[in-house]
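Number of protein chains: 4
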Amino acid sequence: MQLGLVGLGKMGFNMRERLREGGHEVIGYDPRPEVTDVPTLTALAEALKPPRVVWVMVPSGPITDTTIKELSQVLSEGDLVIDGGNSRYTEDGPHAKMLGEKGIAFIDAGVSGGVWGLKEGYGLMVGGADADVERAMPIFDTLRPPGPREDGFVHAGPVGAGHFAKMVHNGVEYALMSAYGEGYELLAAEELIKDPQAVYQAWTNGTVVRSWLQQLLAKALKEDPGFSQISGYTEDSGEGRWTVEEAIRLRVPVPGIAASLFARFLSRQDDSPTMKAVSALRNQFGGHAVKRISESG
Amino acid sequence: MQLGLVGLGKMGFNMRERLREGGHEVIGYDPRPEVTDVPTLTALAEALKPPRVVWVMVPSGPITDTTIKELSQVLSEGDLVIDGGNSRYTEDGPHAKMLGEKGIAFIDAGVSGGVWGLKEGYGLMVGGADADVERAMPIFDTLRPPGPREDGFVHAGPVGAGHFAKMVHNGVEYALMSAYGEGYELLAAEELIKDPQAVYQAWTNGTVVRSWLQQLLAKALKEDPGFSQISGYTEDSGEGRWTVEEAIRLRVPVPGIAASLFARFLSRQDDSPTMKAVSALRNQFGGHAVKRISESG
Amino acid sequence: MQLGLVGLGKMGFNMRERLREGGHEVIGYDPRPEVTDVPTLTALAEALKPPRVVWVMVPSGPITDTTIKELSQVLSEGDLVIDGGNSRYTEDGPHAKMLGEKGIAFIDAGVSGGVWGLKEGYGLMVGGADADVERAMPIFDTLRPPGPREDGFVHAGPVGAGHFAKMVHNGVEYALMSAYGEGYELLAAEELIKDPQAVYQAWTNGTVVRSWLQQLLAKALKEDPGFSQISGYTEDSGEGRWTVEEAIRLRVPVPGIAASLFARFLSRQDDSPTMKAVSALRNQFGGHAVKRISESG
Amino acid sequence: MQLGLVGLGKMGFNMRERLREGGHEVIGYDPRPEVTDVPTLTALAEALKPPRVVWVMVPSGPITDTTIKELSQVLSEGDLVIDGGNSRYTEDGPHAKMLGEKGIAFIDAGVSGGVWGLKEGYGLMVGGADADVERAMPIFDTLRPPGPREDGFVHAGPVGAGHFAKMVHNGVEYALMSAYGEGYELLAAEELIKDPQAVYQAWTNGTVVRSWLQQLLAKALKEDPGFSQISGYTEDSGEGRWTVEEAIRLRVPVPGIAASLFARFLSRQDDSPTMKAVSALRNQFGGHAVKRISESG
Numbered sequence: 004m005q006l007g008l009v010g011l012g013k014m015g016f017n018m019r020e021r022l023r024e025g026g027h028e029v030i031g032y033d034p035r036p037e038v039t040d041v042p043t044l045t046a047l048a049e050a051l052k053p054p055r056v057v058w059v060m061v062p063s064g065p066i067t068d069t070t071i072k073e074l075s076q077v078l079s080e081g082d083l084v085i086d087g088g089n090s091r092y093t094e095d096g097p098h099a100k101m102l103g104e105k106g107i108a109f110i111d112a113g114v115s116g117g118v119w120g121l122k123e124g125y126g127l128m129v130g131g132a133d134a135d136v137e138r139a140m141p142i143f144d145t146l147r148p149p150g151p152r153e154d155g156f157v158h159a160g161p162v163g164a165g166h167f168a169k170m171v172h173n174g175v176e177y178a179l180m181s182a183y184g185e186g187y188e189l190l191a192a193e194e195l196i197k198d199p200q201a202v203y204q205a206w207t208n209g210t211v212v213r214s215w216l217q218q219l220l221a222k223a224l225k226e227d228p229g230f231s232q233i234s235g236y237t238e239d240s241g242e243g244r245w246t247v248e249e250a251i252r253l254r255v256p257v258p259g260i261a262a263s264l265f266a267r268f269l270s271r272q273d274d275s276p277t278m279k280a281v282s283a284l285r286n287q288f289g290g291h292a293v294k295r296i297s298e299s300g
Numbered sequence: 004m005q006l007g008l009v010g011l012g013k014m015g016f017n018m019r020e021r022l023r024e025g026g027h028e029v030i031g032y033d034p035r036p037e038v039t040d041v042p043t044l045t046a047l048a049e050a051l052k053p054p055r056v057v058w059v060m061v062p063s064g065p066i067t068d069t070t071i072k073e074l075s076q077v078l079s080e081g082d083l084v085i086d087g088g089n090s091r092y093t094e095d096g097p098h099a100k101m102l103g104e105k106g107i108a109f110i111d112a113g114v115s116g117g118v119w120g121l122k123e124g125y126g127l128m129v130g131g132a133d134a135d136v137e138r139a140m141p142i143f144d145t146l147r148p149p150g151p152r153e154d155g156f157v158h159a160g161p162v163g164a165g166h167f168a169k170m171v172h173n174g175v176e177y178a179l180m181s182a183y184g185e186g187y188e189l190l191a192a193e194e195l196i197k198d199p200q201a202v203y204q205a206w207t208n209g210t211v212v213r214s215w216l217q218q219l220l221a222k223a224l225k226e227d228p229g230f231s232q233i234s235g236y237t238e239d240s241g242e243g244r245w246t247v248e249e250a251i252r253l254r255v256p257v258p259g260i261a262a263s264l265f266a267r268f269l270s271r272q273d274d275s276p277t278m279k280a281v282s283a284l285r286n287q288f289g290g291h292a293v294k295r296i297s298e299s300g
Numbered sequence: 004m005q006l007g008l009v010g011l012g013k014m015g016f017n018m019r020e021r022l023r024e025g026g027h028e029v030i031g032y033d034p035r036p037e038v039t040d041v042p043t044l045t046a047l048a049e050a051l052k053p054p055r056v057v058w059v060m061v062p063s064g065p066i067t068d069t070t071i072k073e074l075s076q077v078l079s080e081g082d083l084v085i086d087g088g089n090s091r092y093t094e095d096g097p098h099a100k101m102l103g104e105k106g107i108a109f110i111d112a113g114v115s116g117g118v119w120g121l122k123e124g125y126g127l128m129v130g131g132a133d134a135d136v137e138r139a140m141p142i143f144d145t146l147r148p149p150g151p152r153e154d155g156f157v158h159a160g161p162v163g164a165g166h167f168a169k170m171v172h173n174g175v176e177y178a179l180m181s182a183y184g185e186g187y188e189l190l191a192a193e194e195l196i197k198d199p200q201a202v203y204q205a206w207t208n209g210t211v212v213r214s215w216l217q218q219l220l221a222k223a224l225k226e227d228p229g230f231s232q233i234s235g236y237t238e239d240s241g242e243g244r245w246t247v248e249e250a251i252r253l254r255v256p257v258p259g260i261a262a263s264l265f266a267r268f269l270s271r272q273d274d275s276p277t278m279k280a281v282s283a284l285r286n287q288f289g290g291h292a293v294k295r296i297s298e299s300g
Numbered sequence: 004m005q006l007g008l009v010g011l012g013k014m015g016f017n018m019r020e021r022l023r024e025g026g027h028e029v030i031g032y033d034p035r036p037e038v039t040d041v042p043t044l045t046a047l048a049e050a051l052k053p054p055r056v057v058w059v060m061v062p063s064g065p066i067t068d069t070t071i072k073e074l075s076q077v078l079s080e081g082d083l084v085i086d087g088g089n090s091r092y093t094e095d096g097p098h099a100k101m102l103g104e105k106g107i108a109f110i111d112a113g114v115s116g117g118v119w120g121l122k123e124g125y126g127l128m129v130g131g132a133d134a135d136v137e138r139a140m141p142i143f144d145t146l147r148p149p150g151p152r153e154d155g156f157v158h159a160g161p162v163g164a165g166h167f168a169k170m171v172h173n174g175v176e177y178a179l180m181s182a183y184g185e186g187y188e189l190l191a192a193e194e195l196i197k198d199p200q201a202v203y204q205a206w207t208n209g210t211v212v213r214s215w216l217q218q219l220l221a222k223a224l225k226e227d228p229g230f231s232q233i234s235g236y237t238e239d240s241g242e243g244r245w246t247v248e249e250a251i252r253l254r255v256p257v258p259g260i261a262a263s264l265f266a267r268f269l270s271r272q273d274d275s276p277t278m279k280a281v282s283a284l285r286n287q288f289g290g291h292a293v294k295r296i297s298e299s300g
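Chains as they are written, first to last, in our numbering: chain P, 4 to 300; chain E, 4 to 300; chain V, 4 to 300; chain C, 4 to 300.
Shown next as structure tokens:
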């Protein structure tokens, strides 16, 4: 089918390719002339035959907001917008409302798979009305991995459900990554273990802990044994923070996910104010030596 | 090759089958007459042609201790004992020493894969001397999954390294399971999500969080939606506790693994003494109501 | 000085008494006829001589909202409203704005001390303009404990700073209570310890861990040794949740405070969905027994 | 009464002073000539009139071991040794046994209060036989703070109970310090708060979170606002590690104490191997940028 695709970055670019390989006609828009198919969003709307389906694949937050607002102006009644970015699920309702006022339908789609999705397919979690989801199904079927539809795609519920499921997916992902990281650190710390990389390689097949992330960690360790070239400084893109916030709202204890989130915050601190306070306290009551700034430089 | 196998429980029974299918001659011993091939350990030793290789697959702790001690009495110089159970790695040195005094070699082998290993192969992490590991390699090659040896097998280091790697493997496993559990609880708590099982099913393919455990959780949810038939009461078999203890020894922070261990402890408490104290405190300073035992029954 | 006091519950009632003992003229309003001094908010406004100072001490959330809105209608330019409840600090700005449009000033005041404040004084953390804080100082000076002003009172910053400081205070309080609870549970679990209460009693003087909460826990244990009459079920009133949410916003790792919050969530669950998932997983891969619901009844 | 005191470091030196002020005859031994009263342990034994009481106040571990062994050689039947250091409670049994074989009694005494104990008294937790504890009571009564005996002293149980109680005390102390540290970090991160030190000062009186440690933190912040001169690098002396290990043995969940222990481990790492792994993983699946070592220098 025909699809408009707004945003041709790391994810959108690959998705356009996978969709075209799947026989769809994709017209992509991106502000960067070297990748875009049309010069403007208006041109995109004109190039698509109504009723249109437009997939938005831009950074979450203000850029998604602006894009959807602009689409509401260039699209028409009966069209359908799919937000495939990592928007917070609470933004989906307002987006659906804004579009709905013009008779434009809305689907939120969580997309997982990263740079590997082009080849292996993308895991998809979508929220929206049944008819809208059905309408976009040819696109979903091409983007998702081969095999039974329910193994790589879920219509999780009404608008918002797709991004909620994706947010939880990413929260779980944080905790999984920390778990593998802790295991690596333990293996690397124990002198009995000749080579942590070989252990991670051996875990890729047959073990209970095998997974796609586990394979990637084995691969990363092979490429840079001991991670000598990499810092522990780790950004977070929002879903982990949102997951803990939603857990608090829902009164769900998430010690593992929260620990992995806090570990990221810590990784970006030069020194921990909390531990400065602890160190100062030990000095106060016990006369324990503290490490002065000049020593630690 | 010929192998003696002591312990024909859930794991050992399946391993005997896989090894026989792989063309090995396995003579199994187990105290239960209905499964054993020979009536006694002595008979086992007599049935094997020296130099013998005997795989011990019995519960860790006293039973493993006793078994290895008895083997040291019925085996002879030049034989090889492999402890494939979940022994703590600190027990391997003493076992190796006891056997070594009689000229019997020792390998510790961590075995992962559970009840699925029969069909899919077992992930193996072994510790011991090169020559000993080489000697048992035909056994390892049949037990491990098909594919490159290094993807399901590792000679992790000297005696102890196999069980250390397996212990870390299980510690990571604890944290992975809690991560998936937390994700499930979040999905189940949010009313937007129609069916958490469908989301877990959709995660099995294409997503970043896909894994063998993730697939099993989807399967478990399909078999018992909402886990209506199952209690959260969860035992632990030791490796999680040992992992945190070793982390403390090595000064490795393991917040994720520790959180998953504590969650198990909590799951086995009828009521938390810590929280009784907290509740009592709130009552003391704020006059906040406490829930009396009679109310909570 | 003269003060209007809205809300004569557990906290407000005691505060009226302490203020009157301190020589202030307090006119209290509460919907309950048995405690109120005036029949309506309008009557309260009429009974106070302008420029008025009115302290609001009602439950945070909608009741505080409504109260402040009603006060904006019955008070006049030049008056001052102090919100002494546990409002979230983000609500202070809108309240200040609404009142400010009528020329009414606003102070947010975090009040600590619980039921003991009547006798010992209340710890106060306030936010607002210098002149407004100065104006209410006679009230603050009577409410706070005797001794240097800066030891029980802080003008923490502009509007919002008082409630922010109080929120952090309560977040820290959560973690302190859990710390003492964990210590109690450890002492109670170890058979060498004859009587955990005696240990907590001994900690009240001379030790590094001595504190007001610690003394209260010793007292609670004396009143109900072993906490045989109390359930671990523990409510939370919001500040702990807000503290973790603000920590996420500020990218501050708060593993201790978060752990104590999650422990409260857990204390209110009959069974943990997370651990049901973990237990189901163990059964799937290892054939480990699960506890069926019928067994755990 | 007369007392031998072995070890005149930061703690022992002050205790000698406090005991002498309390009217006791203290003969101190320390290898450092400038502080010792007698040249050798033998001289100490000779200077004391049997039956002797000797208090050992030396670093836990090998030095305590050696000291008690040497005392078993120079003391006689009927004497009493008190280990007041921070020995792990599991060491008390062997020490008691070694001394007991010579008819020498043993008490383990946990001592809290740090450098402030000289003036304010020391919190004491002791383990041993009733008669032995009774015999040393004049010493305990002088060391402990004034006031009711049970408020600063506990005979917690048989040999080992004193050090167990002290270990838990220190585990709780870790979590308390982290709680105050997290609160400080939150206040310092929020721009509404003019001066975190002023808030901590205000918490010292009237608030629910007031405590001795809280006062010390306010004092430390006054001395070095913003902790500009101090690093977060924080040592640990063992009790926190032991507390978590004992919690694991007793199956007691201690998320707060464990979090504070892991925070210390983290404070001593230049970079986190766990987070290197997480960062490498993000790069693998998402093409997310990693921070190269050269950038972080």
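All C-beta atoms, glycine included, are put in the ideal place defined by N, C-alpha and C.
Given the structure is predicted, the values throughout are model-derived calculations rather than measurements.
Residues near Tyr236/E by beta carbon distance below 8 angstroms, same chain, minus five either side: Ser270 and Arg271
Can you list, in chain order, the residues of its chain with a C-beta nearer than 8 angstroms to that of Asp207/P? Leave out the 5 residues immediately preceding and following it. The sequence shown places Thr at residue 207/P, not Asp. Within the same chain, Thr207/P has close Cβ partners Arg213, Gln217, Gln218 and Ala221.
For His388/V, the nearest candidate out of Gly113/V, Val114/V and Ser75/V (CA to CA): What is shown of chain V runs 4 to 300, which leaves residue 388/V out entirely.
When Cβ atoms are compared, which residues of the stretch 236-250 of chain P fall closer than 7 angstroms to chain V? Arg244, Val247 and Glu248
Under three-state DSSP, which class holds Ser181/P? helix
State the beta-bridge partners of Gln5/P as determined by DSSP. Glu28/P
List the DSSP bridge partners of Ile110/E. Ile85/E
So with CB distances below 7 angstroms, who are the chain P contacts of Leu179/E? Leu179, Ala182 and Val212
DSSP bridge partner residues for Met128/P (one or two, in chain order): Gly113/P and Val157/P
Per DSSP, Trp58/E forms a beta bridge with which residues? Leu8/E and Ile85/E
Limits of the alpha helix (DSSP H) - the one that Ala221/C falls within: Trp215 to Glu226
Given this structure, state the Cα-to-Cα distance separating Pro38/V from Val61/V, to the nearest angstrom. Note that residue 38/V is Val in the sequence shown, not Pro. When rounded, the distance between both Cα atoms is 14 angstroms.
With Met170/V and Thr246/V assumed to form a contact (beta carbons below 8 angstroms), what rounded beta-carbon distance in angstroms separates them? 6 angstroms
Within-9 angstroms CB hit, Gly15/P to chain C: no
Can you list, in chain order, the residues of the stretch 264-284 of chain P whose Cβ is nearer than 8 angstroms to any Cβ on chain C? Ala266, Arg267, Leu269, Ser270, Asp274, Ser275, Pro276, Thr277, Met278, Lys279, Ala280, Val281, Ser282, Ala283 and Leu284
Tell me, to the nearest whole angstrom, how far the beta carbon of Leu264/E is from that of Gly243/E; I am working on the premise that it is less than 8 angstroms. 4 angstroms
Which residues, in order along the stretch 88-103 of chain V, keep a beta-carbon less than 8 angstroms from a beta-carbon of chain C? Tyr92
Count the other CB atoms, across all protein chains shown, that sit within 10 Å of the CB of Arg252/E; report buried if there are 16 or more and exposed otherwise. exposed
Got a sec: is the Cβ-Cβ distance from Val171/P to anything in chain C below 9 angstroms? no
Give the DSSP bridge partners of Ser233/E, in chain order. Reading the sequence as shown, one finds Ile at residue 233/E and not Ser. According to DSSP, Ile233/E bridges with Arg295/V.
Among Val255/C, Ile196/C and Pro149/C, whose alpha-carbon lies nearest the alpha-carbon of Ala205/V? Pro149/C
Check each residue of the stretch 123-148 of chain V: if its Cβ is closer than 8 angstroms to any Cβ of chain C, include it; give the result in chain order. Glu123, Gly124, Tyr125, Gly126, Leu127, Met128, Gly130, Arg147 and Pro148
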